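**Q** Per my numbering, the sequence shown starts with residue 5, numbered consecutively. We put the CB at the ideal spot given by N, CA and C, even for glycine. Bear in mind the structure is a predicted one, so any value in this text is a computation, not a measurement.
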Amino acid sequence: MPTRKTTAPAGAARSTSPADTHVIRAASVDMLVQVLDDFSDALSLVETAQEALEATEIAGASLATLRRGIADLMLAHKGLDLAILGIRRGVK
């Protein structure tokens, strides 16, 4: 017995209600907030490693690279935080 295809044909438009869109955006924001929290934890670990190196007075290229990396991570963190804020403003 042949089975009936229940999915829409390729290229068919999918209809999403405004409520569905709101739920999707809210879930996306929640996911991004979790990513930002995980990112914050990782950044804290790297900052702790930098402080430990500084406490031992080890200088040189490794410490300079670590400092540059932390600065770049902080910029990425700020960008993600601002993106989440922008999404939240759009969700309301």
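Can you find the residues in the same chain that come closer than 6 Å, C-beta to C-beta, to L84, ignoring five residues on each side of it along the sequence?
**A** The residue labelled residue 84 in the question sits at position 80 within the sequence shown. The beta carbon of L84 is closer than 6 Å to those of L40 in its chain, skipping five residues each way along the sequence.
**Q** Beta-carbon within less than 8 Å of A80's beta-carbon, same chain only, minus the 5 sequence neighbours each way: which residues are those?
**A** Within the sequence shown, residue 80 is the residue found at index 76, counting from 1. Cβ neighbours of A80 beyond the five flanking positions: F43.
**Q** So, helix, strand or coil for T52, using DSSP?
**A** Position 48 of the sequence shown, counted from the first residue, corresponds to residue 52. Reduced to three states, the DSSP call for T52 is helix.
**Q** Alpha carbon to alpha carbon, how far is R72 from L47? Give it in angstroms, no decimals.
**A** Taking the first residue of the sequence shown as 1, we reach residue 47 at position 43. Taking the first residue of the sequence shown as 1, we reach residue 72 at position 68. Their Cα atoms are separated by approximately 13 Å.
**Q** Would you kindly work out how many angstroms separate the C-alpha atoms of E51 and A31, rounded to a whole number?
**A** Here residue 51 refers to the residue found at position 47 when the sequence shown is read from its first residue. Here residue 31 refers to the residue found at position 27 when the sequence shown is read from its first residue. Going from the Cα of E51 to the Cα of A31 covers about 30 Å.
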